[in-house]
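Novice:
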Amino acid sequence: MNKRIQQNVMIKGTKDGFMLHLDDSCSFSELLKELEVKLSANYQFQENDPSISVKVHTGNRYLDEQQEEKIKEVIHKKKKLFVVEMISNVLTKDEAKRWKEENQVTTVTKVIRSGQVFEVPGDLLLIGDVNPDGTVRAGGNIYIMGQLKGIAHAGYKGNNEAIIAASVMKPAQLRIAGQVNLSPDQYSKWGHDLECAFMDEEENIIIEKLQVLKKYRPNLNRLEGGL
Amino acid sequence: MGEAIVITSGKGGVGKTTTSANLGTSLALLGKKVCLIDTDIGLRNLDVIMGLENRIIYDLVDVVEGRCKIHQALIKDKHFEDLLYLLPAPQNSDKTVVNEEQMRKLISDMKPDYDYVIIDCPAGIEQGFRNAIAGADKAIIVTTAERPAVRDADRIIGLLEKEEHIEPPQLIINRIRGHLLHEDEEMDIDGVADFLKIDLIGVIPDDDQVIVAANKKEPIAYNPDNRVSLAYRNIARRILGESVPLTPIGSEPKGFMSKLKKFFSVR
Chain E
1 MNKRIQQNVM
11 IKGTKDGFML
21 HLDDSCSFSE
31 LLKELEVKLS
41 ANYQFQENDP
51 SISVKVHTGN
61 RYLDEQQEEK
71 IKEVIHKKKK
81 LFVVEMISNV
91 LTKDEAKRWK
101 EENQVTTVTK
111 VIRSGQVFEV
121 PGDLLLIGDV
131 NPDGTVRAGG
141 NIYIMGQLKG
151 IAHAGYKGNN
161 EAIIAASVMK
171 PAQLRIAGQV
181 NLSPDQYSKW
191 GHDLECAFMD
201 EEENIIIEKL
211 QVLKKYRPNL
221 NRLEGGL
Chain Y
1001 MGEAIVITSG
1011 KGGVGKTTTS
1021 ANLGTSLALL
1031 GKKVCLIDTD
1041 IGLRNLDVIM
1051 GLENRIIYDL
1061 VDVVEGRCKI
1071 HQALIKDKHF
1081 EDLLYLLPAP
1091 QNSDKTVVNE
1101 EQMRKLISDM
1111 KPDYDYVIID
1121 CPAGIEQGFR
1131 NAIAGADKAI
1141 IVTTAERPAV
1151 RDADRIIGLL
1161 EKEEHIEPPQ
1171 LIINRIRGHL
1181 LHEDEEMDID
1191 GVADFLKIDL
1201 IGVIPDDDQV
1211 IVAANKKEPI
1221 AYNPDNRVSL
1231 AYRNIARRIL
1241 GESVPLTPIG
1251 SEPKGFMSKL
1261 KKFFSVR
């Protein structure tokens, strides 16, 4: 029975709470059993103890949703523990694909015309116009090399950090995540060149000259090569 | 093998039927064999503008449903020996009695016998529109320089771009009024062309003579002195592949003296 000596569950204390390292080579049922034993063997919590956050690291083991629920259940039996995060080194192909799509820029050359809706999961780089009654929608940012005269919806899955930038910004509506910004009744004939829209801390959509973007969204700059 | 060109606009009343009639006539005047097809089932007009309404015996629905042969339904325009024909629409039916497959077959049956098959499309984007574009190889969008018409044209172009059998559409801007171009009332020609981002194939000035001609049951294109007629004839030549420059509209000098000056300066 020296197998017992090998630990499948390791508990580490950090300054934010516990970190549970779950071994990825044993079976799931074994793991669950040992987790239960480890947690009950330890300290008995008192009524007025503060609750402790737990991060669970599952290594190279892939857990489906049910299994994740089971692990959470075991940990939550201990009244004062709650799981804040499940970390895993692996993800499914679907998840990986979605993750890739959400992080890539889709480039298209076309005019989005009245009645058309163009949607991408990640960032959108449109070389062309969005005409009135046309809609572009992106999970991430929207960059338009052309005139934006229709509707642009950036971060439509709820990404407040998303921005919209256009060579000519005369939209019917701008939407970022859940917020909508209606256009003024009349655009002046000139101006509105090289503008961008983003959301401030109070969730208002701000429309500004393009150069302020560097200040509000420094993460947009990815340094790749050069100086 | 001929070419099938659909004349469409989305919005009604911008001049699809007038354009179909005049382009067909202009192409026939240039010696091409042309058949006009009215697909506006239930609201036909093309026969009236061509002055052929009293000679309809069979119509498009009779042909696609096999009640007659194509040549029985065709009406020959008497202005020509054997160049201009009309396939009329029925007036007592509606657009859903014909489907896209039937139209595709009809037009591919007709193309070998003609240089150009001009299809006059009904307004809207429903079944009638889908029937009209089903057999087309090319599309010409007609719009006026007003926002509602341009918006609808934009929608139509979007729908046409999805159809792989149709070449990128070309644009005719109809009923340009020279005196409005200098004010901010109307979008100007460049504004419309820039907005829609498709090739401009012609600009037609606004002229009361078009209405007079329609009431006289003879398309304006027969009148060699009229500027609308000239504009349509130029478009016909562009369809044939000639490069004809666009004539500027609204820059014509007004008044007798300036006309006189222009007259002498040409010499």
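Which chain is which? The protein sequence lines are E and Y, in order.
Under my numbering, residues 1 to 227 are what the first sequence spells out, in order.
Under my numbering, residues 1001 to 1267 are what the second sequence spells out, in order.
The beta-carbon is built from N, C-alpha and C at its ideal position, and this holds for glycine as well.
Fair warning: this is a prediction, and the values are worked out from it, not measured in the lab.
Given Leu1060(Y), which residues of its chain have a CB within under 6 Å of its CB, disregarding the five upstream and five downstream residues?
Specialist: Translated into positions along the second sequence, residue 1060(Y) becomes position 60. Around Leu1060(Y): Leu1087 and Ala1089.
Novice: To be precise: take each residue of the segment 1140 to 1156 of chain Y, compare its Cβ to all Cβ atoms of chain E, and keep it if any distance is under 8 Å. Which residues remain?
Specialist: Arg1151, Asp1152, Asp1154 and Arg1155
Novice: Specify, as a first and last residue, the run of the alpha helix (DSSP H) that Ser1026(Y) falls within.
Specialist: Residue numbering aside, residue 1026(Y) sits at position 26 when the second sequence is read from its first letter. First-last of the alpha helix (DSSP H) with Ser1026(Y): Lys1016 to Leu1029.
Novice: Leaving aside the five residues before and after Gly13(E) along the sequence, list all residues of the same chain whose C-beta is less than 8 Å from its C-beta, in chain order.
Specialist: Position 13 of the first sequence, counted from the start, is the residue given in the question as residue 13(E). So the qualifying residues of the chain are Met19.
Novice: Who are the Cβ neighbours of Ala1134(Y) in its own chain at under 7 Å, not counting the five residues just before and after it?
Specialist: As a working mapping, residue 1134(Y) is identified with position 134 in the second sequence. So the qualifying residues of the chain are Glu1100, Met1103 and Arg1104.
Novice: Grouping DSSP H, G and I as helix and E and B as strand, with all else coil, what is Asn181(E)?
Specialist: To locate residue 181(E), count along the first sequence from 1; it is residue 181. In this structure, Asn181(E) counts as strand in the three-state DSSP scheme.
Novice: Are there 16 or more other CB atoms within 10 angstroms of the CB of Glu195(E), so buried, or fewer, so exposed?
Specialist: Stepping through the first sequence from its first residue, residue 195(E) is reached at position 195. With 16 or more other Cβ atoms within 10 Å, it is buried.
Novice: Here's the rule I'm using: 16 or more other beta-carbon atoms within 10 Å means buried, otherwise exposed. How should Leu240(E) be labelled?
Specialist: Given that chain E is displayed from residue 1 to residue 227, the structure contains no residue 240(E) and the question cannot be resolved.
Novice: Quick check: is the beta carbon of Gly1158(Y) nearer than 8 Å to any beta carbon in chain E?
Specialist: Working through the second sequence from its first residue, we reach residue 1158(Y) at position 158. Gly1158(Y) counts as touching chain E.
Novice: Considering only the beta carbon of each residue, do Leu1106(Y) and Lys1033(Y) sit closer than 8 Å?
Specialist: In the second sequence, counting from the first residue as 1, residue 1106(Y) sits at position 106. In the second sequence, counting from the first residue as 1, residue 1033(Y) sits at position 33. Going by C-beta atoms, Leu1106(Y) is not nearer than 8 Å to Lys1033(Y).
Novice: Check this for me: beta carbons of Gly122(E) and Glu101(E), under 8 Å apart or not?
Specialist: Mapped onto the first sequence, residue 122(E) falls at position 122. Mapped onto the first sequence, residue 101(E) falls at position 101. Their beta carbons are under 8 Å apart, which means Gly122(E) touches Glu101(E) by this criterion.
Novice: If we require 3 or more residues per run, which beta strand (DSSP E) segments fall completely within the segment 117 to 155 of chain E?
Specialist: 117 to 120, 123 to 127, 135 to 138, 142 to 148 and 151 to 154
Novice: Give me, in chain order, the residues of the same chain whose beta-carbon lies closer than 6 Å to that of Arg1237(Y); leave out the 5 immediate sequence neighbours on both sides.
Specialist: As a first step, residue 1237(Y) must be located in the second sequence, where it is residue number 237. Same-chain partners within the cutoff: Val1244.
Novice: From the DSSP output, read off the bridge partner residues of Val17(E).
Specialist: For the purposes of this step, residue 17(E) is taken as the residue at position 17 of the first sequence. This sequence places Gly at residue 17(E); Val is not what is there. Residue pairing for Gly17(E): DSSP places it in a beta bridge opposite Ser53(E).
Novice: At least one CB of chain E closer than 8 Å to the CB of Lys1011(Y): is that the case?
Specialist: Taking the first residue of the second sequence as 1, we reach residue 1011(Y) at position 11. No, Lys1011(Y) does not count as interfacial toward chain E.
Novice: Assign Ile1211(Y) to one of two classes, buried (16 or more other C-beta atoms within 10 Å of its C-beta) or exposed (fewer than that).
Specialist: Here residue 1211(Y) refers to the residue found at position 211 of the second sequence. Classification of Ile1211(Y): exposed, given that the 10 Å Cβ count is below 16.
Novice: Quick check on Gly155(E): buried or exposed, where buried means 16 or more other Cβ atoms within 10 Å of its Cβ?
Specialist: As a position in the first sequence, residue 155(E) is number 155, starting the count at 1. Buried is the call here.
Novice: Tell me the rounded alpha-carbon separation between Thr1025(Y) and Tyr143(E).
Specialist: Here residue 1025(Y) refers to the residue found at position 25 of the second sequence. Here residue 143(E) refers to the residue found at position 143 of the first sequence. In a straight line, the C-alpha of Thr1025(Y) is about 47 Å away from that of Tyr143(E).
Novice: Measure how close the beta-carbons of Arg1151(Y) and Pro132(E) come, nearest whole angstrom, since I'm counting them as under 8 Å.
Specialist: One-based indexing of the second sequence puts residue 1151(Y) at position 151. One-based indexing of the first sequence puts residue 132(E) at position 132. Right, their Cβ atoms sit about 6 Å apart.
Novice: Which one or two residues does DSSP pair with Cys196(E) in a beta bridge?
Specialist: Working through the first sequence from its first residue, we reach residue 196(E) at position 196. Answer is Ala165(E) and Glu208(E), bridged to Cys196(E).
Novice: For a quick check, are the C-beta atoms of Glu161(E) and Gln179(E) less than 8 Å apart?
Specialist: Residue 161(E) sits at position 161 when you count from the first residue of the first sequence. Residue 179(E) sits at position 179 when you count from the first residue of the first sequence. No, Cβ-Cβ distance for Glu161(E) and Gln179(E) is not below 8 Å.
Novice: Quick one: Cα of Leu1029(Y) to Cα of Leu210(E), how far?
Specialist: Position 29 of the second sequence holds residue 1029(Y). Position 210 of the first sequence holds residue 210(E). Their Cα atoms are separated by approximately 56 Å.
Novice: What are the start and end residues of the alpha helix (DSSP H) that includes Asp1190(Y)?
Specialist: Here residue 1190(Y) corresponds to residue number 190 of the second sequence, with the count starting at 1. Note, Asp1190(Y): alpha helix (DSSP H), Ile1189 to Leu1196.
Novice: Using only the alpha-carbon positions, how far apart do Thr135(E) and Gly1015(Y) sit?
Specialist: Counting from 1 along the first sequence, the entry for residue 135(E) is found at position 135. Counting from 1 along the second sequence, the entry for residue 1015(Y) is found at position 15. Rounded to the nearest angstrom, the two C-alpha atoms are 29 Å apart.
Novice: Say whether the segment 1107 to 1122 of chain Y touches the segment 1075 to 1082 of chain Y, bearing in mind that this needs 3 or more beta-carbon pairs closer than 8 Å, one atom from each stretch.
Specialist: no
Novice: Looking at chain Y, is there any beta carbon in it that lies within less than 8 Å of the beta carbon of Asp94(E)?
Specialist: Here residue 94(E) refers to the residue found at position 94 when the first sequence is read from its first residue. So, not an interface residue.
Novice: Starting from the beta carbon of Lys1197(Y), find every residue of chain A whose beta carbon is closer than 8 Å, and list them in chain order.
Specialist: Protein chains in the displayed structure are E and Y, and chain A is not among them.
Novice: Would a check of beta-carbon distances place Leu227(E) closer than 8 Å to chain Y?
Specialist: Start at 1 with the first residue of the first sequence, and residue 227(E) comes out as number 227. Because the pLDDT at Leu227(E) is just 49, under 50, the model does not fix this residue reliably, and the value given afterwards should be weighed accordingly. False, the Cβ-Cβ gap to chain Y never drops below 8 Å.
Novice: Examine the Cβ distances between the segment 1007 to 1014 of chain Y and the segment 1146 to 1160 of chain Y and report whether three or more of them are shorter than 8 Å.
Specialist: yes
Novice: Determine, using beta carbons only, whether Asp193(E) comes closer than 8 Å to chain Y.
Specialist: Residue 193(E) sits at position 193 when you count from the first residue of the first sequence. No - not a single Cβ of chain Y is within 8 Å of the one on Asp193(E).
Novice: I want to see whether chain Y comes within less than 8 Å of Lys15(E), judged by CB atoms only; does it?
Specialist: Residue mapping note: residue 15(E) aligns to position 15 of the first sequence, counting from 1. Lys15(E) does not count as touching chain Y.
Novice: Anything in chain Y within Cβ reach of Gln116(E), meaning under 8 Å, just list it in chain order.
Specialist: Here residue 116(E) refers to the residue found at position 116 of the first sequence. Among the residues of chain Y, those whose CB is under 8 Å from the CB of Gln116(E) are Gly1158, following chain order.
Novice: To the nearest angstrom, how far is it from the Cα of Thr1018(Y) to the Cα of Gly128(E)?
Specialist: The sequence position of residue 1018(Y) within the second sequence is 18, counting from 1. The sequence position of residue 128(E) within the first sequence is 128, counting from 1. Distance between the alpha carbons of Thr1018(Y) and Gly128(E) is about 33 Å.
Novice: Looking at the C-beta of Asp133(E), does it have a partner C-beta in chain Y at a distance below 8 Å?
Specialist: Position 133 of the first sequence holds residue 133(E). Chain Y, which has a Cβ nearer than 8 Å to the Cβ of Asp133(E), makes this yes.
Novice: Have a look at Ala1145(Y) and Asp1194(Y) and give me their C-alpha separation to the nearest angstrom.
Specialist: Sequence index remark: in the second sequence, residue 1145(Y) carries index 145 (1-based). Sequence index remark: in the second sequence, residue 1194(Y) carries index 194 (1-based). Rounded to the nearest angstrom, the two C-alpha atoms are 12 Å apart.
Novice: According to DSSP, is Leu32(E) helix, strand or coil?
Specialist: As a first step, residue 32(E) must be located in the first sequence, where it is residue number 32. Collapsing the DSSP output to three states places Leu32(E) in a helix.
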